[in-house]
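Undergrad: Numbering (the working numbering), first residue to last: 27 to 453.
Before we start, here is the structure in question, set down as structure tokens.
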Amino acid sequence: MPTVSLPYDQGRSLALTIPDGNYLGSADLPRLPAAPDPAAEVLRALRDPVEGPPLVDLARGKERIDIAVTDITRYCPDDLVVEGILGELASAGVPSSAVTFVLALGSHRPMTPREIAGKLGARIAETYRILNHDWKDDGALVNVGAEEGFPIQVNREVVEADLRLATGVIEPHLFAGYSGGAKTMVIGAGGHATIAATHGYAVLSHPSSRLGNADSVFRRFINRAGERVGVDFVVNLVVDPDKRLIRAFAGRPAAVYAAGVAFARGVFEVPVPCPADIVVSVPGAPKNLNLYQATRAAYPAILGPRPVVRPGGLVIIPAPCPDGVGEETSRVWMQDTPDGQSIVEKARREGIPEGTHMAYRFGRFLTHASEVIVTDSQIPDKTIRQVRLTPMATVQEALDYALAVLGRDSRVLVIPHGVAAIPVLPS
């Protein structure tokens, strides 16, 4: 019997023994060579953009430049990127007083001074004007029209700049197919009208909202809203799960996104031969801190290009979750919903209020899979059951249970990097 090592937590793995006849395989990500000199790779992208002029040419003569950067919920080495950007701006004769950093928080909390210094570097934190975006401050927001039926509301600071830049990473994203392009500015510096509309039932339930779909309704909105806002130049990185920079792309947002996604597919998409009956998907650190984040590991099994777990199959997620559920509003909202279908029906009737995305996501999972099992977790079993998932002590216990329930000839697929991989079935 093969024993598979699962990357459960920082410095700790779990051993899972799978009977020979049941093991379909492991959807391991390919390990591409990293950029040997990350700073040089960023500089190459800035000077040789995918489309449009180099940054130094764009910046000449500009008096007010805004740079939207990702917040601490996204792993993006922004310190590396902004050092390269600032060097090019200096070469164009732009003084530091002309530059403002907008922390693209979306609906997240403000970053602390220590977090800002950690994200951008102490020198930048001390030298430049830096704003925490506030998505609910109407006085700091501007409405600039609509695209794809969704309002475009962004930070006034961004609109009033005469050069708009953004950083970001290109990685699998449920609504956008892949993140990147103008998303950091359009959503990260977006107002409540934009965020509520694009993160509501219309988008979450849309059939195009799947991992890897670069033509989703959400992505089309981002691309067109980026043009409407006037996002001039973005720097997007492809970073692997080990946080190694593989490739940098820069230039006009839509072109950067297209080129970056074409490359990123070779990093994150993994062929699998056929659907499995049982999928063991591992979120790993840091996405295993709470249930809200950890259950993203079910995305590739159920919400990828095509589900790789069969209808009525089981998904097993081993995750410690020391911070608990992570979205308590969902637990309350789900109290009168006994199963996945009732969750989906409630969302259709009432919409998806702020703070209940997890509940709707679980509904989507459970209308396809018969159970989603959470193992090796610090969350009390009662709490896991309250959100309609199944608790079990260990991943081995869960697999043995799944084989007993679904049959001893069941096929088992392992996804070691469950929040990064996109398993792809043959066309």
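Ideal placement from N, C-alpha and C gives every residue a C-beta, glycine not left out.
Exposed or buried, V358, counting other C-beta atoms within 10 Å across all chains shown (16 or more means buried)?
TA: For the purposes of this step, residue 358 is taken as residue 332 along the sequence shown, with counting starting at 1. Burial call: exposed.
Undergrad: Using DSSP's beta-bridge definition, name the partner residues of D402.
TA: Taking the sequence shown and counting its residues from 1, the one referred to as residue 402 is at position 376. Its beta-bridge partners do not exist; DSSP assigns none.
Undergrad: So, is Q36 buried or exposed, given that buried needs 16 or more other C-beta atoms within 10 angstroms?
TA: For the purposes of this step, residue 36 is identified with residue 10 of the sequence shown, where counting begins at 1. By the 10 Å Cβ count, Q36 comes out exposed.
Undergrad: Using C-beta distances below 6 Å, list every residue in its chain close to V76, excluding the 5 sequence neighbours before and after it, in chain order.
TA: Reading the sequence shown from its first residue, position 50 is the one you call residue 76. Around V76: F275, G277, A281, V282, A285.
Undergrad: Of the residues V120, I221, P452, which one's Cα is nearest the Cα of L84?
TA: Here residue 84 refers to the residue found at position 58 of the sequence shown. L84 has its Cα closest to that of V120, out of V120, I221, P452.
Undergrad: Can you list, in chain order, the residues of its chain whose CB lies under 6 Å from that of T363, leaving out five sequence neighbours each side?
TA: Translated into the one-based positions of the sequence shown, residue 363 becomes position 337. Closer than 6 Å at the Cβ level, and outside the excluded window around T363, lie I369, K372.
Undergrad: In whole angstroms, what is the alpha-carbon distance linking S211 and K408?
TA: The count along the sequence shown starts at 1 and reaches residue 211 at position 185. The count along the sequence shown starts at 1 and reaches residue 408 at position 382. According to the sequence provided, residue 211 is Met. The question's Ser does not apply to it. Looking at the two C-alpha atoms, the distance is approximately 40 Å.
Undergrad: M360: buried (16+ other C-beta within 10 angstroms of its C-beta) or exposed?
TA: For the purposes of this step, residue 360 is taken as the residue at position 334 of the sequence shown. Looking at its Cβ environment, which holds 16 or more other Cβ atoms inside 10 Å, M360 is buried.
Undergrad: Relative to the C-alpha of F289, which residue among I399, Y204, V82 is closest?
TA: Here the question's residue 289 lines up with position 263 in the sequence shown. Here the closest residue by C-alpha is Y204.
Undergrad: Along the alpha helix (DSSP H) that carries N249, what are the first and last residues, could you check?
TA: Indexing the sequence shown from 1 puts residue 249 at position 223. It spans 243-255 - the alpha helix (DSSP H) in which N249 sits, taken as one unbroken run.
Undergrad: Would you mind sorting E186 into buried or exposed? The rule is 16 or more other CB atoms within 10 Å of its CB.
TA: Position 160 of the sequence shown, counting from 1, holds the residue named residue 186. Its Cβ having fewer than 16 others within 10 Å, E186 is exposed.
Undergrad: Keeping to the same chain, check which residues put their C-beta closer than 7 Å to that of F201; ignore five residues upstream and five downstream.
TA: Numbered from 1 along the sequence shown, position 175 holds the residue referred to as residue 201. V229, S235, S242, F244, listed in sequence order.
Undergrad: Buried or exposed: where does H225 fall if 16 or more other Cβ atoms within 10 Å of its Cβ makes it buried?
TA: Stepping through the sequence shown from its first residue, residue 225 is reached at position 199. By the neighbour-count rule (16 or more Cβ atoms within 10 Å), H225 is buried.
Undergrad: Where do the N-terminal and C-terminal ends of the alpha helix (DSSP H) with Y49 fall, by residue?
TA: As a working mapping, residue 49 is identified with position 23 in the sequence shown. Counting along the chain, Y49 falls outside any alpha helix (DSSP H), though it belongs to the beta strand (DSSP E) covering 49-52.
Undergrad: On the three-state DSSP scale, how would you describe A85?
TA: Translated into the one-based positions of the sequence shown, residue 85 becomes position 59. Helix.
Undergrad: Could you spell out where the beta strand (DSSP E) holding Q179 opens and where it closes?
TA: Against the sequence shown, residue 179 aligns to sequence position 153. Taken as a continuous stretch (DSSP letters only), the beta strand (DSSP E) holding Q179 covers 176-181.
Undergrad: Using only CA atoms, which one of R437, P198, T138, L429 lies nearest to A302?
TA: Counting from one through the sequence shown, the residue named residue 302 turns up at place 276. The residue with the shortest Cα to Cα distance from A302 is R437.
Undergrad: Is the separation between the beta-carbon of A130 and that of T153 shorter than 7 Å?
TA: Counted from its first residue, the sequence shown places residue 130 at position 104. Counted from its first residue, the sequence shown places residue 153 at position 127. Cβ distance not < 7 Å, so A130 and T153 don't count as in contact.
Undergrad: Since I believe L329 is in contact with L237 (beta carbons under 8 Å), could you give me their beta-carbon distance rounded to a whole number of angstroms?
TA: Residue numbering aside, residue 237 sits at position 211 when the sequence shown is read from its first letter. Residue numbering aside, residue 329 sits at position 303 when the sequence shown is read from its first letter. That belief holds up - the Cβ atoms of L237 and L329 are roughly 6 Å apart, short of 8 Å.
Undergrad: To the nearest angstrom, how far is the alpha carbon of I196 from that of I213?
TA: As a working mapping, residue 196 is identified with position 170 in the sequence shown. As a working mapping, residue 213 is identified with position 187 in the sequence shown. Between I196 and I213, the C-alpha separation is close to 15 Å.
Undergrad: Determine the burial state of L81: buried for a count of at least 16 other Cβ atoms within 10 Å of its Cβ, exposed for fewer.
TA: Counting from 1 along the sequence shown, the entry for residue 81 is found at position 55. Counting Cβ neighbours within 10 Å, L81 comes out buried, since at least 16 surround it.
Undergrad: Quick check on the DSSP output: what are the complete beta strand (DSSP E) runs of length 3 or more inside the stretch 273-331, in order along the chain?
TA: The stretch 273-331 contains these whole beta strand (DSSP E) runs: 295-297, 302-307.
Undergrad: Does the Cβ-Cβ distance between V445 and K269 come in under 7 Å?
TA: Along the sequence shown, one-based indexing puts residue 445 at 419. Along the sequence shown, one-based indexing puts residue 269 at 243. No, Cβ-Cβ distance for V445 and K269 is not below 7 Å.
Undergrad: Which whole-angstrom value describes the C-beta separation of I4 and A143, a residue pair presumed to lie in contact below a C-beta threshold of 8 Å?
TA: Residue 4 lies beyond the stretch modelled for the chain, which goes from 27 to 453, so this question has no answer here.
Undergrad: From D435 to T43, what does the alpha carbon distance come to, in whole angstroms?
TA: Locating residue 435 in the sequence shown gives position 409, counting from the first residue. Locating residue 43 in the sequence shown gives position 17, counting from the first residue. About 15 Å.
Undergrad: Once the 5 residues before and after A17 are set aside, which same chain residues still bring their CB inside 8 Å of it?
TA: Given a span of 27 to 453 for the chain in the structure shown, any question on residue 17 remains unanswerable.
Undergrad: Taking Cβ positions, are A60 and E67 nearer each other than 7 Å?
TA: As a first step, residue 60 is located in the sequence shown; it is residue number 34 there, counting from the start. As a first step, residue 67 is located in the sequence shown; it is residue number 41 there, counting from the start. Their beta carbons are not under 7 Å apart, which means A60 does not touch E67 by this criterion.
Undergrad: What would DSSP say about S31, mapped onto helix, strand or coil?
TA: Here residue 31 corresponds to residue number 5 of the sequence shown, with the count starting at 1. Strand.
Undergrad: Check for me: the beta strand (DSSP E) holding D105 runs from which residue to which?
TA: As a first step, residue 105 must be located in the sequence shown, where it is residue number 79. Taken as a continuous stretch (DSSP letters only), D105 belongs to no beta strand (DSSP E), being part of the alpha helix (DSSP H) at 104-117.
Undergrad: Taking the alpha-carbon of V128 as reference, which of K145, R273, I221 has the nearest alpha-carbon?
TA: Indexing the sequence shown from 1 puts residue 128 at position 102. Ranking the options by Cα distance to V128, first place goes to K145.
Undergrad: Can you tell me which of the three DSSP states H199 falls into?
TA: Position 173 of the sequence shown holds residue 199. Three-state DSSP puts H199 in a strand.
Undergrad: List the DSSP bridge partners of R190.
TA: Translated into the one-based positions of the sequence shown, residue 190 becomes position 164. According to DSSP, which records beta bridges pairwise, R190 is partnered with D92.
Undergrad: Is it right to say D63 is buried, meaning 16 or more other beta carbons lie within 10 angstroms of its own, or is it exposed?
TA: For this step, residue 63 is matched to residue 37 along the sequence shown. That one is exposed.
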